[in-house]
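Counting in my numbering, the sequence shown runs from 46 upward without gaps. Yeah, the Cβ is synthetic: ideal placement off N, Cα and C, and Gly gets one too.
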Amino acid sequence: MDTNSSLVLSLIYPLALPVILIILYQVIQPRKWKDTEPSVIPSLIPYIGHPLNLFIQGGRYLRILGRRFANMPVITLPAVTSRIYIVTSPTLAAEVQRKRTLLFDPLVPDLTQRVLGMDAETVALMRRNVARTDGNWGPVPEMHDCVASGLGIGPVLNDLTSSALTELTSRLNAFGASLEGSTRNVDLLTFTKHIYATASAHFLYGPNNPFAVDPSLESAFWDFDAGIASLLIGIFPSITARKPYRGRERLAAAFRTYLCANHQSAAATMIQHRMAVLHHNGFSIDGMARSEMSFLFAAIVNTAISSFWTVTRIFADPKLHAAIHQEITTAHEIPENGPITLNLRILKSQCLLLVATMRETLRLASDVSTTRLATTHTTLLHKTRTDSRTYDLFEGSIVQISGAAMHADPKIWGEDAASFRPERFLGDVKYPGAAFRAFGGGSTLCPGRHLAAAEVLVWTAAMVLGWEVQGVVVPEKDDGRLPVHVCEPKRDVGVKMRWSGRDVLCEMG
């Protein structure tokens, strides 16, 4: 080999490996399975790049994708075992919600096995008739309908709401009385979480609820909540997610004790109905105990964090605080002395700025996605004023309607979509109904939304009328986690709280 040839080869060899890697990357990069499938978005690491980013960056990643591919109403994120379709258009979201082939219930058994630690026998029970075939419902859809009917507008919901509001306001009043006129430094989120956790456990599970019997279980509950994303991975959770795993197992043991002692006889009517459904479907005591953990989680976490954000927004803005204070006092007959009685019906119907503030707060704080499974090949129609197009979704794929992307979309909310502006929910609201995802939508519309909204409104009104809260600064939300519930703040919000000396009560109206 002559000198010139050696020189050429010495220049080519270092370039050969990168070229081969680039070609290989292009070859293995996922492609559309069909021309009408949503556009496939490549990732730096094929097949695992998107799931990894979803786990690491959470709602922020979906918001980034929504901005980057703003002209696409739905995109495909390839994964190792399935496709993940991300829906970012309200029009297409409404179409997804109408499709009977796109269901959440079939995902429940696997999710609860990982998160709640359900045993194989219980998971097998949960898989029975999970898709509601032949009109014969299994335990998952039966349980969903039991909760939905119990929390639907009617006497059961009224009784439960009355109990919830009584517990919340009485505990808030008791804390005020304990201050004896002094000012207390508190972390606002921790304080709100504590009141909601103890109050919710009491009005749902009665005086012998696990938190009342063992107050240390409250910290176990929040450990469990903080580590749900780690538990979802499901790889040796006792090692890889030790703290949430231990918290979960302590809660499960406490609920087993609760059930064995028949303390559920003093629980709320809806809880007793839930337990009857589980018992009828053959759940063991352990299976029932772990199922109740999920319901307690649903009852506490989103509502507590939503209340924190709503109060934070109001007390951080003196003008907004003054306007809402005036609105509430004008709508009620507030006596000069003695207890203040709020009316839930009046708060919802006449305190429109308060309601708008809650909704705008949820828009900015909630990145939660609505998740479905494509149980069979499904075609979606995306129809706009100027265009009409169909998209094919393949059986076994995951469909997510992204709250993070839609809540931040300037096409929906305007160029100031990132700004807090309650007035966007006042007067003639122009946004598409499916664009507001705080309570989900369709068959996954949160059954507890009426109760949750009542709690947030009354809690906020009680704070505005009964408390002075100083030093409130709105923190950034921690949107870098898997969005399993309303985002928490990135940092503590330390405030000074002082009670007015007047109890705040509530009536249903």
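- With the rule of 3 Cβ pairs closer than 8 Å, the stretch 449-461 counts as touching the stretch 93-107.
- Judged by beta-carbon spacing, residue 529 lies within the 8 Å limit of residue 273, meaning their Cβ atoms are closer than that value.
- The DSSP-derived three-state label of residue 130 is strand.
- Three or more Cβ pairs closer than 8 Å define a contact, and the stretch 530-541 meets that threshold against the stretch 223-231.
- Approximately 18 Å separates the beta-carbon atoms of residue 260 and residue 271; this is outside 8 Å, ruling out the contact.
- The beta-carbon distance between residue 144 and residue 429, rounded to whole angstroms, is 19 Å. This is too long to meet the 8 Å contact definition.
- Separation of the CB atoms of residue 385 and residue 547 is rounded to 6 Å, and the pair is thereby assigned contact status at 8 Å.
- Under the rule that a run must span 3 or more residues, the beta strand (DSSP E) segments found entirely inside the stretch 106-164 read 119-123 and 128-132.
- Within the same chain, 170 come within 7 Å of residue 327 by CB-CB distance, once the 5 residues on both sides are set aside.
- In terms of CA proximity to residue 522, 408 leads the group 508, 408, 155 and 477.
- In the structure shown, the three-state DSSP call for residue 358 is helix.
- Per the coordinates, the alpha-carbon of residue 414 lies some 20 Å from the alpha-carbon of residue 341.
- Excluding the 5 residues flanking it on each side, residue 358 has same chain C-beta neighbours closer than 6 Å at 406, in chain order.
- Sorting 114, 275, 240 and 312 by C-alpha distance to the C-alpha of residue 508 places 240 at the top.
- DSSP, reduced to helix, strand and coil, places residue 375 within a helical segment of the structure shown.
- Between residue 244 and residue 345, the alpha-carbon positions lie close to 9 Å from each other.
- The Cβ neighbour count for residue 198, taken over all protein chains shown within 10 Å, is under 16; the residue is labelled exposed.
- Between residue 141 and residue 417, the gap from beta carbon to beta carbon is short of 8 Å.
- Rounded to whole angstroms, the gap between the alpha carbons of residue 379 and residue 154 is 50 Å.
- Residue state for residue 512 is assigned as strand, using DSSP reduced to three classes.
- Boundaries of the beta strand (DSSP E) harbouring residue 231: 228-232, taken from the DSSP string.
- Looking at the backbone, the Cα of residue 454 and that of residue 214 are separated by about 37 Å.
- Your pair residue 83 and residue 303 does not check out as a contact, with CB atoms roughly 46 Å apart and the cut at 8 Å.
- In the DSSP assignment, residue 539 falls within the unbroken beta strand (DSSP E) covering 539-544.
- Here the alpha carbons of residue 248 and residue 217 stand approximately 15 Å from one another.
- Under the criterion of beta carbons closer than 8 Å, residue 334 and residue 147 do not qualify as touching, at roughly 31 Å.
- Bounds of any beta strand (DSSP E) do not take in residue 535, whose DSSP letter is neither H nor E.
- Beta-bridge partners of residue 417 (DSSP): 444.
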